[in-house]
Structure formats: structure tokens, C-alpha cells
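Structure first, commentary second.
Residue numbers (the numbering used here), protein chains in the order written: chain A, 1 to 113; chain B, 1 to 126.
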């Protein structure tokens with residue numbers, strides 16, 4: 001199985017500042033035949049199910065604010081919140097969907113400093 | 001509007017079985033596969049398995065093979081997950097989640113999950 005490792009486990013960021021979360025896959029999730037990285041990011045707030053925010057490593061889901069961006073390729077990926085707002089407090093998970101079983105990172109908790 | 005509505009919380013004793021339902025609405029039920037993902041208290045997300053309402057194909061995580069069965073009732077647009085021989089470490093919130101892309105039920109094809117149920121807490125305790 002693909003092992004997804006996120007860093008850090010938690011981070012505290014001041015309102016309006018940048019938050020950066022890293023995700024490393026044990027194997028490449030890049031599929032050369034379509035030039036796509038099979039990597040998604042989810043946001044989960046307390047008591048709620050996860051919400052898909054980014055897919056194909058860098059494509060925002062419709063309605064997701066543009067302060068959220070994804071980057072990276074192969075095995076190393078980053079989710080960036082460019083200017084943190086109070087409503088962004090959540091746990092963020094990366095997920096690979098390159099191969100079954102789909103696997104998630106352990107999560108990164110984002111809080112306000 | 002697309003909704004996945006799950007059945008209510010359950011409390012079970014070790015060794016018992018539990019069945020959780022997930023009723024879909026707002027889209028063509030047989031066109032999208034459903035996955036089950038669980039989350040133990042304070043922990044991360046763990047994939048349990050996949051079912052295609054199109055053809056009934058299933059794929060289960062190795063950790064659950066032999067203990068879990070997923071079925072579908074296309075007359076009511078509902079997916080079911082049964083877990084048998086429950087253990088205390090099965091205590092978790094179980095989510096159903098729809099795959100983002102239309103599917104013809106090919107086993108082994110993975111996708112992202114764009115709509116989720118509200119979650120069902122299954123508590124296993126003696």
C-alpha cells in the first residue's frame with residue numbers, strides 16, 4: 001500500500017499569515033500517460049465529514065476560496081493557505097488515488113496562533 | 001442537491017455485527033461508486049471498502065476482508081455495510097462517500113470522494 005506522510009502534525013498560524021502543509025507519498029502518484037498526479041486534499045472540521053478541496057494535486061474544487069492552493073509532483077506535495085482565516089481551522093488530509101487501496105495521510109491540524 | 005444520509009449510531013458488544021445504511025439522493029445512484037471510510041476517535045481516516053451500485057462489485061481493505069460485506073439496494077438508492085465479529089478497536093465513525101467520477105464498476109479504479117454522509121458512530125463495548 002502507498003504510505004502517505006504529512007508534516008507537520010500540527011501548526012499554529014496567525015490570522016492573515018501563510019499556512020503550509022506537506023505530504024509525501026512512499027511511491028510516485030504521477031501517471032505519465034495523462035500527466036496527472038493522483039493526489040487530493042481534504043479539510044475536516046470538528047464533528048463534520050471531510051470536504052474535498054483539491055484534486056489532481058492542484059485543482060481547486062468549485063467554490064473553494066483561491067487562498068487554497070496545491071502544488072507538487074511525483075512523491076512530494078504541498079497545500080498552502082495563503083492568508084489564514086478563522087474558518088480555515090481544521091484538520092487537513094492528503095489522499096492518494098493512484099492505486100487501490102486509497103490511502104490518507106495522518107492529518108495536519110491547523111490552528112490560530 | 002446531492003445527499004448521503006446514514007443511519008443512526010449503534011452500540012454493540014464485542015463479537016456482534018452491525019449494519020450501517022447510506023441512502024443517496026440527488027443524482028443517478030448507479031452511476032457513481034460508494035466507498036466507506038472510518039475514523040476512530042481522535043484518529044485519521046481509514047478506507048474500509050468500495051461498492052459499485054452499477055454492478056454490485058465490491059473491494060474491501062485487507063484489514064477487513066472476511067469481516068465486512070457491502071451491498072446495495074437500487075430500488076431505494078441505498079448502500080449497506082455490515083461488519084461482523086466486532087472488536088473494541090472497531091469503535092469509530094463510519095462514513096459513506098461518493099466517488100467523484102462516473103463509474104462502470106471496474107474493480108481497482110480509485111477516485112476522490114466528493115460527497116460524504118454525516119457519519120455513523122459505532123461503539124463496541126462490553
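Every residue, glycine too, gets a C-beta built ideally from N, C-alpha and C. Computed from a predicted model, the values in this text were never measured in an experiment.
- About 6 Å separates the Cβ atoms of residue 105/A and residue 5/A, confirming a contact at the 8 Å cut-off.
- Closest by C-alpha distance to residue 54/B, out of 67/B, 77/B, 124/B, 61/B, is 77/B.
- Just so you know, the alpha carbons of residue 61/A and residue 95/A end up roughly 15 Å apart.
- Going by DSSP, residue 81/A is part of the beta strand (DSSP E) stretching over 76-81.
- Listed in chain order, the non-local C-beta contacts of residue 12/A below 6 Å within the same chain comprise 111, 113, local neighbours out to five positions each way being set aside.
- Residue pairing by DSSP places residue 44/A opposite 91/A in a beta bridge.
- Looking only at 65/B, 46/B, 51/B, the smallest Cα-Cα distance to residue 21/B is reached by 51/B.
- Burial of residue 38/B is indicated by the presence of at least 16 other C-beta atoms within 10 angstroms of its C-beta.
- Residue nearest to residue 56/B within the set 69/B, 65/B, 6/B is 69/B (criterion: CA-CA distance).
- DSSP lists 93/B as the bridge partner or partners of residue 39/B.
- No Cβ of chain A is located within less than 7 Å of the beta carbon of residue 29/B.
- Residue 101/A and residue 105/B have their alpha carbons spaced roughly 15 Å apart.
- Between the alpha carbons of residue 15/A and residue 109/A lies a distance of about 15 Å.
- Contact annotation: the region 73-80 of chain A touches the region 31-44 of chain A, with at least three C-beta pairs closer than 8 Å.
- Residue 118/B reaches chain A at 48, 49, counting residues in chain order whose Cβ is nearer than 9 Å.
- At a Cβ-Cβ threshold of 7 Å, residue 5/B and residue 23/B count as neighbours.
- Exposed is the label assigned to residue 102/B, since fewer than 16 other Cβ atoms lie within 10 Å of its Cβ.
- Closer than 7 Å at the C-beta level to chain A, one finds these residues of the region 50-64 of chain B: 59, 61.
- The beta carbon of residue 40/A falls within 7 Å of a beta carbon belonging to chain B, placing the residue at that interface.
- Beta-bridge analysis with DSSP links residue 60/A to 54/A.
- At a cut-off of 7 Å between beta carbons, residue 104/A contacts chain B.
- Note on residue 16/B: under 16 other CB atoms within 10 angstroms of its CB, so exposed under the neighbour-count rule.
- Secondary structure at residue 86/A: helix, using DSSP grouped into helix, strand and coil.
- Taking C-beta atoms as the reference points, residue 29/A and residue 98/A count as a pair closer than 7 Å.
- Annotation: the continuous beta strand (DSSP E) that includes residue 19/B extends over 18-25.
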